[in-house]
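Written below as structure tokens is the structure these notes are about.
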Amino acid sequence: MPVSAESRPVPNGFYQNKPHPNSDIITIDVGGQLFQTTKQTLTLAGPKSLLSGVSSYDQTVPFIDKDPELFSILLSLLRTGHLPSKAKAFDLQDIIFEAQLYGIENLLINSHSNPSQFEAYNLETSLVLPLTGRESPSAISTTPFGSVHVAHGSKITSFDWSLRRKSTILTQFTAVDSLLAISPKIVAAGATDFSGLQIIDLDKGFVRETLNWDNVTRSSSTVQGIGSSSEFLFTSFESGRRNSNAIMVYDLQGGFRPVIEIGHCEIFGADLDSAIPATKLNWVSSHNLLMASGSHSGPSGMLGNIKFWDIRSGNVVWELKEKVDCFSDVTVSDNLSAIFKVGVNSGELFFADLRNIGSENSWVGLGDRRKVINGKKEGVGCKIESHGNQVFCSKGGDLELWSEVLIGASSKSENKLKDRVFRKNLMGRANDMGGSRITHISFGGNKMFMTRKDQQFVEVWQSSVKF
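Numbering (this note's numbering), first residue to last: 51 to 517.
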């Protein structure tokens, strides 16, 4: 119902009329349509929201000169924490723009791209994010609520949580090999043929800082891998002469101040073990350890090592040397308390229970172990990542989802660690299967992001959005 035209302007775009007689209920006129809600509901918008001042109008009815239909959707968001079903009739960007005007975009993000909404068994390809140029993605990194940064060639393209393209910037690298999102606006980027780790402001398109490792030979320091925890940034460096390597730990909260150098190796003669720099860095928060893994192709085949570092002391607390069916890729899951690898020869999945670290024959096969004997390189190019209670493993163009099956309360007791049972499912619909080889898997918000060889786009896998 339209209100009387006899209104007078007040600060922040509000106009005043008569209030509701109940002091707990507030009436708002938005674009000529009256809405009634409680002051408690409006306080959920937060103190910095445009709506925070509305509840203070005890003697007047505030008028907001905005779209009433979009306001109705946002009011439902405040009341329930979710978008109503009628939101499907609107373009998401229109809803985002209106939420930004009211200062409640954070509530919209929490509703639309919350990590708690991730449903592994429900994922299917929902859209693709096209990239400019001819280069296929070389690295990908996400933020907890679903922003994604993609390196392709010398460029980095960013998409916000709603998957709207924000920017594409040109870097100094010939090709970006390692990429880590520090925030929705800041990334760490490095390459195996370019010295230094660059901290890049994506909004402004400039390098804020370059972090280098001072090696003994005083040569360049190329980046082999990047990882992080809530407090620290981890970077694996190798000297330009490829005769030394180390992992540097930087303080994320202290302006990237160097904290400690760990795993410093100088290579002498034919010592291939020390020649292997870490190419994958995973923080294991449940144990406060850094897992660093790397592999090398030598005369006797693939060799690799997995080390768990205590960054406080700088010591290795556990090490696994890979000689038979070395990993093609490896990951660690805090939720499942286990390490998982894909064997480069067998192409099969193995796990090692973190509570059984240090024992002989730590790896337990989850597939056909006879393939190891055959010696076929069926695992070359396979990728593996963990997320939540699941493990995702690529085989060519297909993706397997592995989950633990709990059988009774004793299935995780110490004398039954090797009896843990995992089962796999093939992901996606029939038309999602196959295709080019999967090259990267990453997770953010309620989505999974995937890239493929020689494809100039990013696949977005998502369960149906619940309005």
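Yeah, the Cβ is synthetic: ideal placement off N, Cα and C, and Gly gets one too.
This one's a predicted model, so the numbers in the text were calculated from it and none came from an experiment.
What do you reckon, are the CB atoms on residue i and residue j nearer than 7 angstroms?
i           : j           : result
residue 104 : residue 92  : yes
residue 204 : residue 221 : yes
residue 175 : residue 435 : no
residue 298 : residue 288 : no
residue 330 : residue 275 : yes
residue 161 : residue 133 : yes
residue 238 : residue 247 : yes
residue 111 : residue 77  : yes
residue 186 : residue 504 : yes
residue 446 : residue 487 : yes
residue 188 : residue 170 : no
residue 367 : residue 360 : yes
residue 433 : residue 379 : yes
residue 495 : residue 217 : no
residue 197 : residue 234 : yes
residue 86  : residue 75  : yes
residue 192 : residue 492 : yes
residue 9   : residue 507 : As displayed, the chain neither begins before 51 nor continues past 517, which places residue 9 out of reach and without an answer.
residue 255 : residue 232 : no
residue 190 : residue 490 : yes
DSSP on residue i, reduced to helix/strand/coil?
i           : result
residue 180 : strand
residue 222 : coil
residue 442 : strand
residue 94  : coil
residue 102 : helix
residue 89  : helix
residue 487 : coil
residue 475 : strand
residue 502 : strand
residue 405 : helix
residue 469 : helix
residue 281 : coil
residue 386 : coil
residue 243 : coil
residue 267 : coil
residue 391 : strand
residue 430 : coil
residue 262 : coil
residue 254 : coil
residue 534 : Since the first residue of the chain shown is 51 and the last is 517, residue 534 is not available in this structure.
residue 79  : strand
residue 463 : Reliability of the predicted coordinates at residue 463 is poor, the pLDDT of 49 falling under 50, and no value is obtained from them.
residue 232 : coil
residue 535 : Lying before the first or after the last residue shown, residue 535 is absent from the chain, which here runs from 51 to 517.
residue 413 : coil
residue 110 : coil
residue 422 : Low per-residue confidence applies at residue 422: pLDDT is 47, beneath 50, and the placement is therefore not dependable enough to give any value.
residue 509 : strand
residue 448 : strand
residue 494 : strand
Going along the chain, which residues of its own chain have a beta-carbon closer than 6 angstroms to the beta-carbon of residue i, five neighbours each way excluded?
i           : result
residue 416 : 399, 472
residue 461 : Interpretation of residue 461 is limited by its pLDDT of 46, a score under 50 that renders its predicted location unreliable; the figure taken from the coordinates is listed afterwards. The answer is none, since no qualifying residue turns up.
residue 364 : 310, 312
residue 463 : Annotation note: pLDDT 49 at residue 463 (below 50); position unreliable, coordinate value reported separately. Nothing meets the Cβ criterion.
Report all residues from its chain with a CB closer than 8 angstroms to the CB of residue i; omit the five preceding and five following residues, and keep chain order.
i           : result
residue 173 : 477, 478, 498, 511, 512, 513
residue 382 : 332, 334, 341, 388, 389, 390, 404, 436
residue 236 : 249, 250, 251, 252, 258
residue 346 : 322, 325, 326, 352, 353, 354
residue 281 : 301, 302, 303
residue 95  : 101, 102, 128, 152, 153, 154, 157
Compute the beta-carbon to beta-carbon distance between residue i and residue j, rounded to the nearest angstrom, for a pair I have assumed lies under 8 angstroms.
i           : j           : result
residue 393 : residue 377 : 7 angstroms
residue 302 : residue 283 : 5 angstroms
residue 313 : residue 296 : 6 angstroms
residue 229 : residue 152 : At roughly 34 angstroms, the Cβ-Cβ gap does not stay under 8 angstroms, so residue 229 and residue 152 are not in contact.
residue 438 : residue 397 : Wrong, their Cβ atoms sit about 24 angstroms apart, outside the cutoff.
residue 144 : residue 120 : 7 angstroms
Might you give, ordered along the chain, the residues of its own chain that have their beta carbon closer than 7 angstroms to the beta carbon of residue i, omitting 5 neighbours on each side?
i           : result
residue 266 : 294, 316
residue 159 : 195, 211
residue 373 : 353
residue 146 : 155, 158, 212
residue 308 : 298, 300
residue 474 : 450, 451, 452
residue 412 : 370, 402, 406
residue 127 : 133, 157, 158, 161
residue 225 : 188, 203, 204, 241
Under 7 angstroms between C-beta atoms, does residue i make it to chain D?
i           : result
residue 124 : Absence of chain D from the displayed structure is noted, only one protein chain being present.
**Report entry** Ranges of the beta strand (DSSP E) found wholly within the stretch 295-378, counting only runs of at least 3
**Finding:** 307-316, 330-334, 339-348, 351-360, 365-372
Query raised in the report: Mind pulling the alpha helix (DSSP H) runs of 4 or more residues that sit fully within the stretch 159-214?
Result: Those alpha helix (DSSP H) runs which fall completely within the stretch 159-214 and span 4+ residues do not exist here.
Query raised in the report: Along the chain, which unbroken stretches of the alpha helix (DSSP H) at least 4 residues long are found entirely within the stretch 116-156?
Result: 118-130, 142-152
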